[in-house]
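J.: Can you keep this structure in mind? I'll have questions shortly.
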Amino acid sequence: MFKKRPILKWFLIIFIGLIVSLFSFGYWFMSLLPKENNKASLKSTLVENLPYLSKDSIAPRGKILAVVTSVDVMGNSEKSTGYELTELSRAYYVFKANGFEVDIASPQGGKPPVVIDGDDMGAYDYAFLNDTIAQYKTSNTIHINDVVASDYQAVFFAGGKGAMFDFPQNKAIQSIVSEYYQSGKVVGAVCHGPAALVNVTLDNGSSLLKNKMVSSFTNDEELLLIPDAESIFPFLLQDKLISQGARFNEGEMYLEKISHDGNLVTGQNPWSTWILAETMIKQLGYTPKKRKITAEENAVKILAVYRDQGSREAKAMIKKMVSQQKSIDRIVIASHSIVAIMQKDIGTFFDLVGLVSFIKNKTTND
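Its first residue numbered 254, the sequence shown is counted upward by one per residue in this note's numbering.
What follows is the structure, given as structure tokens:
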């Protein structure tokens, strides 16, 4: 008994040391992120504060229809859902800045449920929440059955996991997608929004998706966040798109990726929304209005370089962005480090934490 005490003593010392080390690392990790009061100022952003929207207005060019889900719960799981605010707000403002009026519809009409992720919110997203016109439209969406399809030049389906439940079987959605695609109008969808393309049949009897290059939220992205997704959703979106003939274009997890196949434009995840909406503008025949790239987009570009070329090239890009006074969202890169831990990729975790630290040291004192 007497001889076992030193072993216990050293075990306790090691255990306490590990706890202290983890706490210290966690404190340091959190210190790398922007202080909450730095983001608080964004919450009061108004449309008139954003030059992209308030200056050099473009003459009216027509109307675009945006469609969001009406579903607030994922099947029988009791997990809440709705449309993703950032996917709607960013596309909405790209369309508006480029001269298009935007109407918002949903399968049930009225006020649909919305998902707001504070970590993902930027100036445009807060401006959307403070925009009385946008908020009126999201609180009073048009019932999809009441949409006059001929009024619009394009349709955009925002994501949100609820779309998996009420988009695929909706006859009005199928009719709009089929009519628009075959008449040359632009059809766009992002993240789970491509669920609107499922079960769409063309006049010749073939699936719309047959031989089309498309992107959507991937199986890997879905299952990492919701391990039991296969029992919650009616299907995994990537699998369903492929089963109906699509050529699936998969990018890196949680990084920007779009597919542009004629007048069909699809995006993999929320981080693809900006470029997807601007690609829709190009497909409509216009050069997109110049826009200052957001801090989040710059972070995604750094992550893409890291994935392709490694830390050294990522740091070189960071230095270049800093020299050009471009802002970088550290939270985006930190979030990807957490994803790496979830994937048990310790090396990538420490690499990405290193990048976050490098950005902070180069750009701020907070």
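Ideal Cβ placement from N, Cα and C applies to all residues, glycine included. No experiment lies behind these values; they were computed from the predicted model shown.
Check whether the Cβ atoms of Ala448 and Phe409 lie closer than 9 Å to each other.
T.: Not a contact, by the Cβ cut-off of 9 Å.
J.: Which residue spans inside the segment 482-561 form an unbroken alpha helix (DSSP H) run of at least 4?
T.: Whole alpha helix (DSSP H) segments, 4+ residues: 482-485, 490-496 and 526-536.
J.: Can you say whether Ile546 is buried or exposed, counting buried as having 16 or more other CB atoms within 10 angstroms of its CB?
T.: Result: exposed.
J.: For Phe353, which residues does DSSP report across the bridge?
T.: Answer is Gly315, bridged to Phe353.
J.: Taking Ala593 as part of the alpha helix (DSSP H), name the residues at either end of that continuous run.
T.: Looking at the DSSP string, the run of the alpha helix (DSSP H) that includes Ala593 is Arg583 to Met595.
J.: My parser needs the beta strand (DSSP E) runs of 3 or more residues fully inside the segment 431-462; what are they?
T.: Correct list: 439-443.
J.: Is the beta carbon of Ser431 less than 9 Å from the beta carbon of Leu455?
T.: Closer than 9 Å, so yes.
J.: Which residue marks the beginning of the alpha helix (DSSP H) containing Phe381, and which one marks its end?
T.: Element bounds for Phe381: Ala376 to Leu382.
J.: Can you tell me the Cα-Cα spacing of Phe278 and Met417, whole angstroms?
T.: The predicted model places Phe278 with a pLDDT of 47, which falls under 50 and marks its position as unreliable; any figure quoted below should be read in that light. Spanning the two alpha carbons is a distance of roughly 39 Å.
J.: What is the residue span of the alpha helix (DSSP H) that Ala416 lies within?
T.: Start and end: Ala416 to Asp419.
J.: Three-state secondary structure (DSSP) at Phe278?
T.: The pLDDT assigned to Phe278 is 47, lower than 50, so where the model puts this residue is not dependable, and the model offers no usable value.
J.: Keeping to the same chain, check which residues put their C-beta closer than 6 Å to that of Val400; ignore five residues upstream and five downstream.
T.: Only Ala358 meet the Cβ criterion.
J.: Do Asp373 and Glu549 have their C-beta atoms closer together than 9 Å?
T.: Result yes, Cβ atoms of Asp373 and Glu549 sit closer than 9 Å.
J.: Assuming contact is defined by CB atoms lying nearer than 9 Å, are Gly413 and Gly441 in contact in what I supplied?
T.: No. Outside cutoff.
J.: Measuring alpha carbon to alpha carbon, tell me which residue in Met327, Arg314, Ala319 and Ile386 is nearest Phe353.
T.: Comparing Cα-Cα distances from Phe353 to each of Met327, Arg314, Ala319 and Ile386, the minimum goes to Arg314.
J.: Suppose contacts are defined by Cβ-Cβ distances below 9 Å. Is Val443 in contact with Ala344 by that definition?
T.: Yes, the pair counts as a contact, with Cβ atoms nearer than the cut-off.
J.: My output table needs one value for Gly607: the three-state DSSP class, helix, strand or coil.
T.: Correct three-state label for Gly607: helix.
J.: Cβ of Gly458 within 9 Å of Cβ of Asn516?
T.: No, Cβ-Cβ distance for Gly458 and Asn516 is not below 9 Å.
J.: Pick from Asp404, Leu303 and Lys465: whose alpha carbon is nearest that of Tyr377?
T.: It is Leu303 whose Cα lies nearest to the Cα of Tyr377.
J.: Can you check whether the C-beta of Leu318 is within less than 9 Å of a C-beta belonging to chain C?
T.: Of the chains in the structure shown, none is chain C; there is only one protein chain.
J.: Going by beta carbon distance, what residues of the same chain come within less than 6 Å of Leu295, once the five residues before and after it are set aside?
T.: Only Ala376 and Tyr379 meet the Cβ criterion.
J.: Take Ser512 and list the residues in its own chain whose beta-carbon comes closer than 7 Å to its own, dropping the five residues that flank it on each side.
T.: The answer, listed in chain order, is Met466, Val467, Ser468, Asn502 and Thr519.
J.: Are Pro360 and Thr322 close, meaning C-beta to C-beta below 9 Å?
T.: Yes, these two residues count as a Cβ contact at 9 Å.
J.: Which residue marks the beginning of the beta strand (DSSP E) containing Ala402, and which one marks its end?
T.: Careful: Ala402 lies outside any beta strand (DSSP E) and carries neither H nor E.
J.: Could you work out which residue in Val355, Ser460, Gly371 and Val367 is closest to Ala293 when comparing CA atoms only?
T.: Of Val355, Ser460, Gly371 and Val367, the residue nearest in Cα terms is Gly371.
J.: Below 8 Å, how does it come out for the segment 555-564 and the segment 532-539: are there three or more Cβ pairs, yes or no?
T.: Because the criterion of three Cβ pairs below 8 Å is not met, the segment 555-564 and the segment 532-539 do not touch.
J.: Which class does Ala632 belong to by DSSP, given the choice of helix, strand or coil?
T.: Lying outside 254 to 619, the shown extent of the chain, residue 632 is not represented and no answer is given.
J.: Residues in its own chain within less than 7 Å of Asn522 by CB, not counting five upstream and five downstream?
T.: The answer, listed in chain order, is Cys444, Phe470, Glu474 and Tyr507.
J.: Would you report the Cα separation of Gly607 and Val592, rounded to the nearest angstrom?
T.: Taking the straight line joining both Cα atoms gives about 15 Å.
J.: Can you list, in chain order, the residues of its chain whose CB lies under 6 Å from that of Asp514, leaving out five sequence neighbours each side?
T.: Lys465 and Met466.
J.: What residue range does the alpha helix (DSSP H) around Lys423 cover?
T.: Looking at the sequence shown, residue 423 is not Lys but Asn. Counting along the chain, Asn423 falls outside any alpha helix (DSSP H), and DSSP gives it neither H nor E.
J.: Report, in whole angstroms, the separation of the C-beta atoms of Lys510 and Asn351, which I expect to be a contact under 8 Å.
T.: The Cβ separation is near 22 Å, so there is no contact.
J.: Using 9 Å as the threshold, is the C-beta distance between Gln435 and Asn452 below it?
T.: Not in contact: Gln435 and Asn452 (Cβ atoms no closer than 9 Å).
J.: How would you write the range of the alpha helix (DSSP H) that Ile386 sits in, first residue to last?
T.: That run of the alpha helix (DSSP H) goes Thr385 to Ser392.
J.: Going by DSSP in three states, Gly328 sits in which element: helix, strand or coil?
T.: Reduced to three states, the DSSP call for Gly328 is coil.
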